[in-house]
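Notes follow the structure.
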Amino acid sequence: MSKKSKGAVTTTEGSKHHISFTEKCLYSVVVLTIEALLLLASLTFRLLLTIFLKIKHGRQFGGFVTGGDAVWFTETHSLPVNHMVVILDSKIQSAEEFNKYVIHTLIQKSWHHNHPQANLKLKSTYKKVAGYVYYLKHKLKLSEYHTTLTVDEKFAEKPVLIDILSQCSMRPLPKNNSALWELVTFDKPLETDSIKQGMFTYVVIFRFHHALADGISIANSLARNLTNETSAIEGHTSKLIGTMSQRKINLENSGILSTINNVLKFIYVIAVSASVNLEERRRFKYETNCLHGPELSGQKYLVCASEQSEEQLVQNVKKMKKGIPGSTFSAILLTAVSRAIGKHFGTHCQHTPSSIVVVLPVPIAIPDGKEKVKLGNNLSYKIFDLPVLSAQTTVQKQVDAVVHGMQDVYNKTDIMVKYFLSNGFVGNLPIPMMGRTFVSARKATICFSSIPGFSFDMLCNQKLRKVYSFSPNFQNIGLTLNVFTQSDKLSFNLTVDRTLIPLKEVAQDLVNNVAEEIRLMYDEFRSISNEV
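See the structure below:
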């Protein structure tokens, strides 16, 4: 099969299947009736299970895993574990002393900013029974969640740390893989230029089962509990809330009027949910390419790239956003992703598709910087067609094509439909039934998210040098790319199944190219602006 020629931007909006009002109503009545019966049967059976488990475990029974948390137990290809990699500069001279210090800090802090429900999840293991997952409370010590890995060679960030991260992604979690998180440290410092200033660099990896929480929730919990820079955290959270309010999809705050509004919104979303899902299933076809289609192995590469200290990629993205009408921060990033993927297709694949399907997680609720941290999955998602771009047209036209594919991403009813279904219906079904509901998501080539990270420079009273954040693959989506912002610096974190990209060097090239495309786009944008 010959390679597709690279030229002008092409877009594929998917097949337009218009459903009549009568067809929508009939379909909704039938589907909602079936869903109501299934939910009633499921809740009745789960009530009987609750009685049985309370008799069996007594006070150790911690309740069932439900909603968006339970969805992650449908993942069967690999462990759905988030990895937050924190690199710190410290004056502590030995890894052993540093590791003791970190453990002591975590015990001393006691996660006192967490909501009791969050601490229940952190101190529990999970078990499965009759298709459901439940918490089993323990009085576990922190040491039972802590692992120190031995590094047998010079501990360099690349390639040694990157190789260890890939191996970590396949490690079971503690307590025979029934715990929901793990703290990983190392037996030696990372080799960096900080030694010249009398500082030592250490790596701490927080591994979280995605059922525990989404990336924003995890970042918020670590920030609130492990730093004293309260004003920076509250300011950062306020900024996030401001951004969320502009998207007009977040749930409203507590209060009588807000509660009534949320109830009405819930009724409307449930009423249209069946027809919305039907339209989405008809719109997106299941198409394969060299990055989507084959059965995944569960063996992963975790690779990353970050901007240099003297660079200002965040500011450059903002300048492009300001200079290109209708664009967003995410649209600029996705344009770079599309260009990088286009290069990958052109170099390593026989065929370059005109577009790929992307899953974009959308946060529904941003945690308040002054309230207790509630660990959980407060995400919905949007599916859209991303045109595969070449560099043979202007940056503005490329961004316009991406914006066109993303149109109404943050205002679509289907985002709220997915959120309410996963938390109100799907998340209460048995796991085997739950896994059959994400038909549309299975059609995606990549999951992309931009995580607003830490806005401070100290963690555990040590200087925060760098942060990487990796999210797991989901079902047969074999590529997951997180763009993480820390102190106005971007890091690009790619999780890829080895079936899709067998060579680590190729995976590294792909993520490097995303960062490089932002640089090239800015140069092109600046050149055009100067000409004008």
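Numbering (the numbering used here), first residue to last: 1 to 532.
Glycine included, each C-beta is placed from N, C-alpha and C at the ideal position.
- Contact annotation, SER422 with GLY68: C-beta distance approximately 5 Å; criterion of less than 8 Å satisfied.
- The residues GLN475, in chain order, have a CB closer than 7 Å to that of PHE438 in the same chain once the five nearest residues on each side in sequence are set aside.
- Contact between the segment 178-191 and the segment 202-221 is established, with three or more Cβ pairs separated by less than 8 Å.
- Judged by their CB atoms, VAL362 and LYS382 are nearer to each other than the 8 Å cut-off.
- Around GLU191, the same chain offers LYS154, PHE155, ALA156 as residues with beta carbons nearer than 7 Å, after the five sequence neighbours per side are excluded.
- For LEU38, the three-state secondary structure derived from DSSP is helix.
- Our two residues, THR288 and PRO472, have alpha carbons roughly 21 Å apart in a direct line.
- Between VAL85 and LEU165, the CB-CB gap stays under 8 Å.
- Per DSSP, the unbroken alpha helix (DSSP H) holding ASN316 starts and ends at 313-323.
- GLY342 places its beta carbon 8 Å or farther from that of VAL395.
- The segment 271-284 and the segment 331-342 do not touch, with fewer than 3 CB-CB distances between them shorter than 8 Å.
- The beta strand (DSSP E) runs of length 3 or more contained entirely in the segment 158-209 are, from start to end of the chain, 181-186, 200-209.
- Non-local C-beta neighbours of VAL514 in its own chain, meaning closer than 6 Å and more than five positions away in sequence, comprise ALA336, VAL337, ALA340, PHE492, ordered along the chain.
- Per the Cβ contact rule, the segment 505-524 is in contact with the segment 303-316 (3 or more Cβ pairs under 8 Å).
- In this structure GLY63 touches TYR135 by the C-beta definition: roughly 6 Å separates them, less than 8 Å.
- DSSP, read as helix, strand or coil, puts TYR101 in helix.
- For THR259, the uninterrupted alpha helix (DSSP H) segment begins and ends at 256-283.
- Take LYS175, set aside five residues on each side of it, and the residues of its chain with a beta-carbon closer than 6 Å to its own are THR125, in chain order.
- Counted as a single uninterrupted DSSP element, the alpha helix (DSSP H) harbouring LEU222 occupies residues 215-226.
- With respect to LYS463, SER275 sits apart: the two C-beta atoms are not nearer than 8 Å.
- Taking a 10 Å sphere around the C-beta of PHE470, we find 16 or more other C-beta atoms and assign the residue as buried.
- Under the DSSP assignment, ALA305 falls outside any alpha helix (DSSP H), being part of the beta strand (DSSP E) whose first and last residues are 300-306.
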